[in-house]
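Structure first, then comments.
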Amino acid sequence: MTIDIRNAPAGSAAPGSPTTGAGEPRAARRTTQRALTWAQVRSALPGALRKLDPRVLYTSPVMFVVEVGAVVTTVLAVVEPGVFAGWIAVWLWATVFFATLAESVAESRGKAQASTLRATQRQTTARRVVGAKDMPAAGSRMDLPTVEVPSSTLRVGDVVVVAAGETLPGDGDVIEGVASVDESAVTGESAPVIRESGGDRSAVTGGTVVLSDRIVVRITAPAGSTFVDRMIALVEGSERQRTPNEVALNILLTSLTIVFLLAVATLQPFAVYSGSRQSLLVLVALLVCLIPTTIGALLSAIGIAGMDRLVQRNVLAMSGRAVEAAGDVDVLLLDKTGTITYGNRRATEVLPVAGTTSRELAVAARLASLADETPEGRSIVDLVDAHHPSVECGVFVGSEPADPTNTQHSTGGVGLPDGAELVVFSAVTRMSGVDLPASATGGVRRIRKGAGSAVELWVRGTGAQVSAADGGQLAALVDAVAGEGGTPLVVAEQVGEAPARVLGVVRLKDVVKEGMRERFDQLRAMGIRSVMVTGDNQVTARAIAAEAGVDDVLAEATPEDKLDLIRREQEGGRLVAMAGDGTNDAPALAQSDVGVAMNTGTSAAKEAGNMVDLDSDPTKLIEIVEIGKQLLITRGALTTFSVANDIAKYFAILPAMFIPVFPQLDVLNVMRLASPGSAILSAVIFNALIILALIPLSLRGVRYRPASASALLRRNLLIYGLGGLVAPFLGIKLIDLLVSLLPGL
Amino acid sequence: MIGVLTAVLSPVVAAVAQILVLLVLLAAVHLPLGAYLARTYTSPNHLRVERLWYRAVRVDPDAEQRWTTYLMSLLGFSLVSVLFLYGLERLQAHLPWNLGLTGFDPAGAWNSAVSFTTNTNWQWYSGEAAAGHLLQMAGFAVQNFVSASVGMAVAIALVRGFARSGTDARIGNFWSDLTRGVVRVLLPLAAVAAVVLMASGVIQNLDPHTALRTVEGASQHVLGGPVASQEAIKDLGTNGGGFFNANSAHPLENPTPFTNLVEIFLLLLIPFSLPRTFGLMVGDRRQGWAILGVMAGLWAASLALTTWAEMAGPGAAPQAAGAAMEGKETRFGLAASALFAVSTTATSTGSVNSMHDSFTAPGGGMLLFNMLLGEVAPGGVGAGLYGMLVLAVVAVFVAGLMVGRTPEYLGKKIGRPEMTVVALYVLTVPALVLVGTAVSVVVEPGLAGVQDPGPHGLSEVLYAFASAANNNGSAFAGLTSGTPFYEVAQGLAMLAGRFIPIALVLALAGRLASQTTVPATSGTLPTHRPLFAGLLAAVTIVVVGLTFIPVLSLGPVVESLS
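For the protein sequence lines, the chains are S and C, in the order given.
The numbers in the working numbering rise by one with no breaks, and the one at position 24 of the first sequence is 18.
The numbers in the working numbering rise by one with no breaks, and the one at position 514 of the second sequence is 1214.
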């Protein structure tokens, strides 16, 4: 059984951006995990036995009561040996043991990962810069004198120099230099990543290795509480604190335990009154069967496994509270760039004006872009090559065929002719383009592309009269492209000294990642509103939002706007989740209820968020929400199951207790259990075995499909409510068939 | 008219017709009354008479109270009520209008003082033989009004908790709520009801009870008293303390099938209207419908089972007699007795028009179960609504988890503090009932009061404590409860069963009022749909069922299977 609740693959990250470390879920960490293997159980056994210590167990009142019951029955079985008493004692111990086993197995999964991480924590030597604090802001720190100190003595604010081949001695920010770093020890991603000072890729993690160059790093976390330290504590579950909902559920379970304690304790007086005093053994058995042992036994395993599922997805939650809050998220803030769209504007279409063929325009646009190494420029070449293959044959409309040997710039395409002069983009002209040498048919051919107003100005400057009709048509094209969320790039050419003419418009567009609409539909089904945050203007932002299927959009957003939006939503009682990486995201990350920082981001962002995504994939927010929900659903489902079980147990045990004095109660023995002894023992055995049977479910989590609350409730009530009602009738009957064969019962 | 119908129609048709008439009346009245109640408790204006009263007792009715202050006011008021009533009872011999009756003994006075203050109205004494007109009117009748108004005030405070957002736990003003409940709701309704009852033959005078010698020479007691006025509030305020010992079985309290139906209508009237008030005050009428649906569904199911049990009459004695008429009035018959009995135990009334002790085993078991449910279907005035809302929080907690969100009800998150309060609430009354019953069936003074040995005796004691702790007040007559043991034990059960839950409910109200309301999304568990209503009904039955199945199986269940 593999663990994979993901219904749709996360949108893959932008192509051509290997430095982000984003992308495919890596197989290294996500090894095919079986829900429960023998090896896991074996390795969990010692831990399970240790957890039987009442000083540990008392935190779970339900299981503590069972343990007390087990002790009592054991004493009774020793004082007055008997087959029945012996079996009851054995199975009560089994009940407690299965509970501790569940927890121990859940913890063991993190242990292996922790030991891998520990390997990165070897003591290293750091080269601490002497007097770095007195250093003026300008000037290089690279050449300052350094002293070698053990990494464990580094303090926050210390500055170290790390060169190629050295291990980073601690968490910090690069304050000078650029280097490629192997972070596979932490993220599992083998491709090296670039870390550089300034900007949003300055954070380095202790234990990772610098592969090239030298960097100066300012330490941001004291030794012993670095990211890796926290990661180890987290995956081991050693610092696990109960989450608010877990505490609330524990209160409900405790009160149910007290209710049943009362019901069973007062049953003895009633039994005495009715002339059928019950043995303590039977009362203890009844009590253990009634109290919600199933959920009580599995509650902490569910919590640990929930955190573990996040770790499987390379997300580190700094608190369990955040995981729970993720299930409650009402609003999801997603950055447009890199999350919803690929992040680079790409050419998607050429739109010629009247009197120009689309091929003519395509050729001109391609020529103007061949030497343009910006992503936009490359995308124009790609588009033309893909959609106007005839251009590759070198058919240059209105011009000489180019020399086919000059195909240096684009594979498969036709390159620029000799003597072509590149016109680079300048802030003054706001255009770029190319000047082709004069040919037989005409003079120098100048092609320009740029923003509509800039190109129009150039065209007019050449003496051309942009006619009202042409101008109107161009304006219409430009507006149409902008209105759909694209960026219009106007292309014009001038041959010789003749007036220039506008050829048409290339549509540049943010391309929405595949599958985003489906993901947002799922979110909507879960009752979560998605908000796209972008620096684009309103029109463009709305158009992309509509295309991606986002519910709302925050356009022309500054970091303050983002923070305000989060505050506004929270004032309305809504929980907000967001992903961010930059330093200016830090306030918003801190303010949001679930803030997922990208591992590639700055230390400030990682400190501010309450989760860190090692894959730096912002769409993972959606999975985090699902895991949070799954965690809560699993608790609710098993609670319902546990309580529903009690009805069958009453039918098994009560007639067994009182048939001797009230024979008419035999009609309540609907399961027709063999004897009073076998009935009680069967109920106890069922009660223990059901815990064992549900361990895999508690580790895996209840299956979750995004759906409306009503649909989820109906489904889970049917499975775990009705199932919980019926299952024990069958289970107890089956066990009774076997138990009744026991000799001496 | 109903008498005629009952005589003409077959018993089954008559039973159904009577229930239908009742349902139509309730359905018609609960909407305007629910709206009127909502207006009563939300209006910023005070009546002139109310202003006079506030000035006299020196309270500021506009000062919003935090839940702790609200609770302290309520407890203070109730303490004064208990002391005042205790004084009246003890000093009766020295006060006017005592009809020559003596004062109560200390244990009995304690029991009755607590009983009437807690809206239980358990009566260990016989009204006509122990209470004079002054005690009836200045003592018991006053408590009938104010204890009912206290219940409504607590319910309204809880509803405010749900309706408000982000206050510093302020949930209204106790004195204003108490006064308005009496002045604007209970007094006018009771006055109309009293007139209707008087017109239908219920007596209303200040005559003493007189002994006459009949023509045949036999002696007969002719009883007098302000019965109609007391009868009206007895039922309207789900109090239940009868003017006479026979309560609503007495021909001077409940002379005809018509008055019988009026009384049933009165005791269901406010409890079934409050869900509407709730819906209006939280700004979502559908929420009110859901609560009403659960209450009505449970009540109807209980009624169907009890009526079936009584009319089918299983058991040796009813079979031998031809019908389960023992302990029932012939002028009402089986169906009307079952209807009254179910309604009085499903509310916290406890008035009776028949002897519940003599019901068939399953029928009597149902009446017991109605009370064990916590009297939430529809429950006492106010107490029914807040009891049901607390159960709704439990249901929301489990169901909320199953939809993958931190549970929330009406936009309020149900976290650790809320669950703590709710868990204690759910524990309190069952603990009182179980411990009280368990102690009583093993100690000598407890066993001494048990008339019937065996399972029925257990049912009697269980019934007594279920009635006391849930503030019902009805009794299985077989138990002699007029002993110091039961008077003190039940007094404690009544007191704890009333004020511990109230304190917890007000704490919950304060906690909720200070929370910010979370807006609903499609991921929020809808709490107005039939699915949730069904779940709430199931939670109500299962929580109670699982707690009491052991003891019920040794009492009513064994009896029924005999």
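Beta carbons are placed, not taken as given, at the ideal position from N, Cα and C, and that holds for glycine.
Exercise for the section: Could you work out which residues of chain C lie near Thr633/S, taking near to mean beta carbons separated by less than 8 Å? Expected result: Residue 633/S sits at position 639 when you count from the first residue of the first sequence. Within chain C, the residues placing a beta-carbon under 8 Å from that of Thr633/S are Val1098, Leu1101, ordered along the chain.
Problem - Burial state of Thr1217/C (16 or more Cβ within 10 Å) - result: Within the second sequence, residue 1217/C is the residue found at index 517, counting from 1. Classification for Thr1217/C: buried.
Exercise for the section: Would you mind sorting Ser586/S into buried or exposed? The rule is 16 or more other CB atoms within 10 Å of its CB. Expected result: Counting from 1 along the first sequence, the entry for residue 586/S is found at position 592. That one is buried.
Problem - Closest by C-alpha distance to Arg122/S, when choosing among Thr110/S, Pro139/S, Thr94/S, Val154/S - result: Mapped onto the first sequence, residue 122/S falls at position 128. Ranking Thr110/S, Pro139/S, Thr94/S, Val154/S by Cα distance to Arg122/S puts Val154/S first.
Problem - Straight-line Cα distance separating Phe514/S from Asp611/S - result: Taking the first sequence and counting its residues from 1, the one referred to as residue 611/S is at position 617. Taking the first sequence and counting its residues from 1, the one referred to as residue 514/S is at position 520. Going by the C-alpha atoms only, they are around 16 Å apart.
Practice task
Examine chain S for any beta-carbon lying closer than 8 Å to the beta-carbon of Thr1128/C, and answer yes or no.
Solution key: Working through the second sequence from its first residue, we reach residue 1128/C at position 428. Not an interface residue.
Exercise for the section: Can you check DSSP and say which residues form a bridge with Arg454/S? Expected result: Taking the first residue of the first sequence as position 1, residue 454/S is located at position 460. As computed with DSSP, Arg454/S is found in no beta bridge at all.
Practice task
Determine the closest residue to Asp575/S out of Leu326/S, Glu565/S, Glu601/S, with distance taken between C-alpha atoms.
Solution key: Your numbering for residue 575/S matches position 581 in the first sequence. Ranking Leu326/S, Glu565/S, Glu601/S by Cα distance to Asp575/S puts Glu601/S first.
Problem - At least 3 beta-carbon pairs within less than 8 Å: the segment 1179 to 1186 of chain C vs the segment 818 to 831 of chain C - result: yes
Handout entry: Per DSSP, the bridge partner or partners of Asp412/S
Key = Indexing the first sequence from 1 puts residue 412/S at position 418. None; Asp412/S has no bridge partner.
Exercise for the section: Check whether the Cβ of Thr821/S lies closer than 8 Å to any Cβ atom in chain C. Expected result: It is not possible to answer for residue 821/S, since the shown part of chain S is limited to -5 through 739.
Practice task
Show which residues of chain S have a CB atom less than 9 Å away from the CB atom of Pro1219/C.
Solution key: Numbered from its first residue, the second sequence carries residue 1219/C at position 519. Ordered by position in chain S, the residues that pass the 9 Å Cβ test against Pro1219/C are Asp324, Gly566, Gly567, Arg568.
Exercise for the section: Going by CA-CA distance only, name the one from Leu731/C, Leu952/C, Thr740/C, Ala1233/C that's closest to Met898/C. Expected result: Here the question's residue 898/C lines up with position 198 in the second sequence. The shortest C-alpha separation from Met898/C is found at Leu952/C.
Practice task
Quick one: using the 10 Å Cβ neighbour count with 16 as the cut-off for buried, is Leu43/S buried or exposed?
Solution key: As a working note, residue 43/S is residue 49 in the first sequence. Exposed: under 16 other Cβ atoms inside 10 Å.
Problem - Cβ-based burial, Trp32/S [other Cβ within 10 Å; buried from 16] - result: By one-based count along the first sequence, residue 32/S stands at place 38. Trp32/S should be labelled exposed.
Handout entry: DSSP three-state assignment for Val418/S, whether helix, strand or coil
Key = For the purposes of this step, residue 418/S is taken as the residue at position 424 of the first sequence. It is coil, neither helix nor strand.
Exercise for the section: Consider the Cβ of Ser313/S: report whether some Cβ of chain C lies at a distance smaller than 8 Å. Expected result: Translated into the one-based positions of the first sequence, residue 313/S becomes position 319. No, Ser313/S lies away from the interface with chain C (no Cβ there is under 8 Å from its Cβ).
Exercise for the section: Could you name the residues of the same chain whose beta carbon sits closer than 8 Å to that of Val141/S, not counting the 5 residues immediately before and after it, in chain order? Expected result: For the purposes of this step, residue 141/S is taken as residue 147 along the first sequence, with counting starting at 1. Once the five neighbours on either side are set aside, the close Cβ partners of Val141/S are Arg121, Arg122, Val124.
Practice task
Work out the CA separation of Phe78/S and Pro737/S for me, nearest whole Å.
Solution key: Numbered from its first residue, the first sequence carries residue 737/S at position 743. Numbered from its first residue, the first sequence carries residue 78/S at position 84. Roughly 10 Å between the two C-alpha positions.
Problem - the segment 203 to 213 of chain S in contact with the segment 167 to 178 of chain S per 3-pair CB rule at 8 Å - result: yes
Practice task
Taking Ile621/S as the query, report the chain C residues whose CB atoms sit under 7 Å from its CB, ordered along the chain.
Solution key: Stepping through the first sequence from its first residue, residue 621/S is reached at position 627. Result: empty, since nearest Cβ-Cβ is about 10 Å, beyond 7 Å.
Practice task
Using a threshold of 8 Å, state whether the C-beta atoms of Arg1116/C and Val241/S are closer than that.
Solution key: Position 416 of the second sequence holds residue 1116/C. Position 247 of the first sequence holds residue 241/S. Their beta carbons are under 8 Å apart, which means Arg1116/C touches Val241/S by this criterion.
Handout entry: Closer than 8 Å to chain C by CB, Leu659/S
Key = Here residue 659/S refers to the residue found at position 665 of the first sequence. Output row for Leu659/S: interface = yes.
Handout entry: 8 Å Cβ cutoff, Asn773/S in contact with chain C
Key = Not covered by the structure: residue 773/S. The range shown for chain S is -5 to 739.
Exercise for the section: Please confirm if Pro975/C has its CB atom under 8 Å from at least one CB of chain S. Expected result: Counted from its first residue, the second sequence places residue 975/C at position 275. It does not; no Cβ of chain S falls within 8 Å.
Problem - Length of the line joining the Cα atoms of Leu111/S and Thr594/S - result: Indexing the first sequence from 1 puts residue 111/S at position 117. Indexing the first sequence from 1 puts residue 594/S at position 600. Distance from the CA of Leu111/S to the CA of Thr594/S, rounded to the nearest whole angstrom, comes to 19 Å.
Problem - Under 8 Å from the C-beta of Thr867/C: neighbouring residues of chain S - result: For this step, residue 867/C is matched to residue 167 along the second sequence. The premise fails here: Thr867/C is roughly 14 Å from chain S at the closest Cβ pair, so nothing lies under 8 Å.
Handout entry: Ser672/S versus Leu716/S - alpha carbon distance
Key = Here the question's residue 672/S lines up with position 678 in the first sequence. Here the question's residue 716/S lines up with position 722 in the first sequence. Distance between the alpha carbons of Ser672/S and Leu716/S: 25 Å.
Practice task
Using three-state DSSP, classify Gly861/C as helix, strand or coil.
Solution key: Working through the second sequence from its first residue, we reach residue 861/C at position 161. In the three-state reduction of the DSSP assignment, Gly861/C falls in the helix class.
Practice task
Examine chain S for any beta-carbon lying closer than 8 Å to the beta-carbon of Pro1226/C, and answer yes or no.
Solution key: Position 526 of the second sequence holds residue 1226/C. Answer yes: the Cβ-Cβ gap between Pro1226/C and chain S drops below 8 Å somewhere.
Exercise for the section: Find the residues of chain S that neighbour Met1119/C, judging by a C-beta separation of less than 7 Å, and give them in chain order. Expected result: As a working note, residue 1119/C is residue 419 in the second sequence. Chain S residues near Met1119/C: Ala242, Ile245, Leu246.
Practice task
Have a look at Glu1144/C and Asp1152/C and give me their C-alpha separation to the nearest angstrom.
Solution key: Against the second sequence, residue 1144/C aligns to sequence position 444. Against the second sequence, residue 1152/C aligns to sequence position 452. Cα to Cα, Glu1144/C sits roughly 15 Å from Asp1152/C.
Problem - Pick from Arg189/S, Thr202/S, Ser37/S, Arg440/S that is closest to Gly182/S, judged by C-alpha positions - result: What you label residue 182/S is simply residue 188 of the first sequence in a count that begins at 1. For Gly182/S, the nearest C-alpha among the options comes from Thr202/S.
Exercise for the section: Tell me where the alpha helix (DSSP H) around Val241/S begins and ends. Expected result: In the first sequence, counting from the first residue as 1, residue 241/S sits at position 247. Counting along the chain, the alpha helix (DSSP H) containing Val241/S begins and ends at 238 to 267.
Practice task
Given a cut-off of 8 Å, decide if Ile213/S and Gly151/S are closer than it, judged by their beta-carbon atoms.
Solution key: By 1-based counting over the first sequence, the position of residue 151/S is 157. By 1-based counting over the first sequence, the position of residue 213/S is 219. Closer than 8 Å, so yes.
Handout entry: Presumed contact (8 Å Cβ cut-off) between Gly827/C and Gly942/C, rounded CB distance
Key = Here residue 827/C refers to the residue found at position 127 when the second sequence is read from its first residue. Here residue 942/C refers to the residue found at position 242 when the second sequence is read from its first residue. So it is a contact: roughly 6 Å between Cβ atoms.
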